[in-house]
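Q:
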Amino acid sequence: MVTKRVYCVGMFFGAHVSVAGGVQNAPLNAAKIGCEVFQFFSRSPQGGPAPKLTSENVEAFLKSCKELDMREWVIHTPYYINFASGEERTRKNSVRIVREELERGTTLNAKYVMFHPGSAKDVGKDKARKFVIDGIKHIYDKYSGACELLIEISAGAGMVIGDTFEEIAELIEGVGHPKLGVCFDTQHAFASGYDLRTKEAVEETFKKFDKIIGLKKLKMSHCNDSKVELAGHRDRHEHLGEGHIGLKGFDAIVNHPKLKHMNLYLETEHDKVVEDLKKLKKMREGK
Numbered sequence: 003m004v005t006k007r008v009y010c011v012g013m014f015f016g017a018h019v020s021v022a023g024g025v026q027n028a029p030l031n032a033a034k035i036g037c038e039v040f041q042f043f044s045r046s047p048q049g050g051p052a053p054k055l056t057s058e059n060v061e062a063f064l065k066s067c068k069e070l071d072m073r074e075w076v077i078h079t080p081y082y083i084n085f086a087s088g089e090e091r092t093r094k095n096s097v098r099i100v101r102e103e104l105e106r107g108t109t110l111n112a113k114y115v116m117f118h119p120g121s122a123k124d125v126g127k128d129k130a131r132k133f134v135i136d137g138i139k140h141i142y143d144k145y146s147g148a149c150e151l152l153i154e155i156s157a158g159a160g161m162v163i164g165d166t167f168e169e170i171a172e173l174i175e176g177v178g179h180p181k182l183g184v185c186f187d188t189q190h191a192f193a194s195g196y197d198l199r200t201k202e203a204v205e206e207t208f209k210k211f212d213k214i215i216g217l218k219k220l221k222m223s224h225c226n227d228s229k230v231e232l233a234g235h236r237d238r239h240e241h242l243g244e245g246h247i248g249l250k251g252f253d254a255i256v257n258h259p260k261l262k263h264m265n266l267y268l269e270t271e272h273d274k275v276v277e278d279l280k281k282l283k284k285m286r287e288g289k
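If you want my numbering, it's the 1-based position in the sequence shown plus 2.
Next comes the structure, spelled out in C-alpha cells:
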C-alpha cells in the first residue's frame, strides 16, 4: 500500500536517478531516496541508440509515477550534444537526438527536456549562436508534443554557449518559440559569476534574470553547491552546504516568493544525496 505524502506549499525536490534495467525503474529509484520529482536519462549519456520504449515499460513507468505520487519528471539530454559544432554532421545529429528526446518525453509524460547548447570553440561565438538558433528551430519543425524544451545555463568553461543571461535571452529571442524556456543550475550560474551566497545576492541575481530573460521563462533548476569559487568557470558540483554557495543561499532560493513555481533537482553524488534532499525539505518547512 502506498501512503500519499502531504506537501507544504511551494516547490518540490528531487534528484537525477538511474534507469538501469529499464526506464520503468526510474520512479522506483526516485522514491527510494525520498524524491518528490526526478530527473533521468532516457538514453545513454555517452552515445549509442536510444532503448526502445515498449508499451509495457511505458505503462509500468507511468503507473509507478502515479502510485508513488511523483509530481514531475524531466529528461536530461546526452552529454555529447553540440549545436555549435563546426561539423555539420554533429549539429544535425544533435538536432535529431534532442527532437527524439522530446518525443520520448511526450510518451513518458515528462514535463521538460533540458540541454546545453554546446561549445563555440570551432567557429567562434557569433557563428555558434546562429547555429544554435537554427538548430532549435529545426527541433520545433512540426513538433506537436507536450514535453517542453529548456536551455540549461552553462558554467562558462572554455567557449560554451549559454553561460550568461544575455546570451540565453538572445537564443530565446532568435528562436521565437513561445514554449522555449530555461533550466537554471545553481552551480553553473555561480561559476558563471552570478552570486547566490546570501538572501540579498539571490534577490539581485533573480531580479537580473527577470529583467533580461523573464521569470516566466524559468521552468526548473538543478540544485548543486559549487566546488569552485564565484566566477570560477568550471562545472564542479558539491553537496549542499559543503561548497562555495552555502546553505544560506539555498534557503533563500527555496523560500523566495517569486520562485515557488519551479522545482529543484539535485545532481550531487549519491553518497549524500539523501542528506541533500532532507536539507531542502527542512528549508521548505522553515527549519
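Glycine included, every Cβ here is placed at the ideal spot set by N, Cα and C. Owing to the predicted nature of the structure, the values given are computational and were not obtained by experimental measurement.
Alpha carbons only, please: which of ASN31, ALA203, GLU154, LYS201 is nearest the one belonging to ALA17?
A: ASN31
Q: Where do the N-terminal and C-terminal ends of the alpha helix (DSSP H) with HIS190 fall, by residue?
A: Counting along the chain, the alpha helix (DSSP H) containing HIS190 begins and ends at 188 to 193.
Q: In chain order, what residues of the same chain lie with their CB nearer than 6 angstroms to the CB of HIS235, ignoring the 5 residues before and after it?
A: The beta carbon of HIS235 lies closer than 6 angstroms to those of GLY158, ALA159, ALA193 in the same chain, with the five residues before and after it left out.
Q: Measure from the alpha carbon of VAL125 to the alpha carbon of each residue in MET161, GLU58, VAL100, then state which is nearest.
A: The candidate whose alpha carbon is nearest that of VAL125 is MET161.
Q: According to DSSP, GLU240 sits in a beta bridge with which residue or residues?
A: According to DSSP, GLU240 bridges with ASP227.
Q: Take VAL204 as the anchor and find which of ALA171, ARG131, ASN257, ASP165 has the nearest alpha-carbon.
A: ASN257
Q: Find the nearest neighbour of PRO51 within the set ARG98, THR109, PRO180, judged by alpha-carbon distance.
A: Nearest option by C-alpha distance: ARG98.
Q: So, with DSSP's three-state summary, where would you put HIS263?
A: coil
Q: Where do the N-terminal and C-terminal ends of the beta strand (DSSP E) with GLU269 fall, by residue?
A: Careful: GLU269 lies outside any beta strand (DSSP E) and carries neither H nor E.
Q: Using C-beta distances below 6 angstroms, list every residue in its chain close to ARG238, excluding the 5 sequence neighbours before and after it, in chain order.
A: LYS229, VAL230
Q: What is the DSSP secondary structure of CYS185, counted as helix, strand or coil?
A: strand
Q: In terms of residue numbering, what span does the beta strand (DSSP E) encompassing ILE138 cover?
A: No beta strand (DSSP E) holds ILE138; the alpha helix (DSSP H) holding it covers 127 to 142.
Q: Would you call the CB atoms of THR200 and GLU240 closer than 9 angstroms?
A: no
Q: Distance, Cα to Cα, ASN59 vs GLU168?
A: 41 angstroms
Q: When the distance is taken between beta carbons, is GLU172 closer than 9 angstroms to VAL115?
A: In this structure, VAL115 sits away from GLU172, with a CB-CB distance that is not shorter than 9 angstroms.
Q: For LYS250 and ILE77, I'd like the C-alpha separation in whole angstroms.
A: 28 angstroms
Q: What is the rounded straight-line gap between the Cα of TYR267 and the Cα of PHE252?
A: 12 angstroms
Q: Around the C-beta of LYS56, are 16 or more other C-beta atoms found within 10 angstroms, so that it is buried, or is it exposed?
A: Before going on, a small fix: residue 56 reads as Thr here, not Lys. Answer is exposed; the Cβ neighbour count stays below 16.
Q: I'd like to check one pair, LEU261 with PRO246: are the Cβ atoms closer than 9 angstroms?
A: The amino acid at residue 246 is misidentified as Pro; the sequence shows His. The Cβ atoms of HIS246 and LEU261 do not sit closer than 9 angstroms to each other.
Q: CA-CA distance, LEU182 and ASP128?
A: Pairing LEU182 with ASP128, the inter-Cα distance amounts to about 21 angstroms.
Q: Are there three or more Cβ pairs, one per stretch, closer than 8 angstroms when the segment 128 to 140 is compared with the segment 78 to 89?
A: yes
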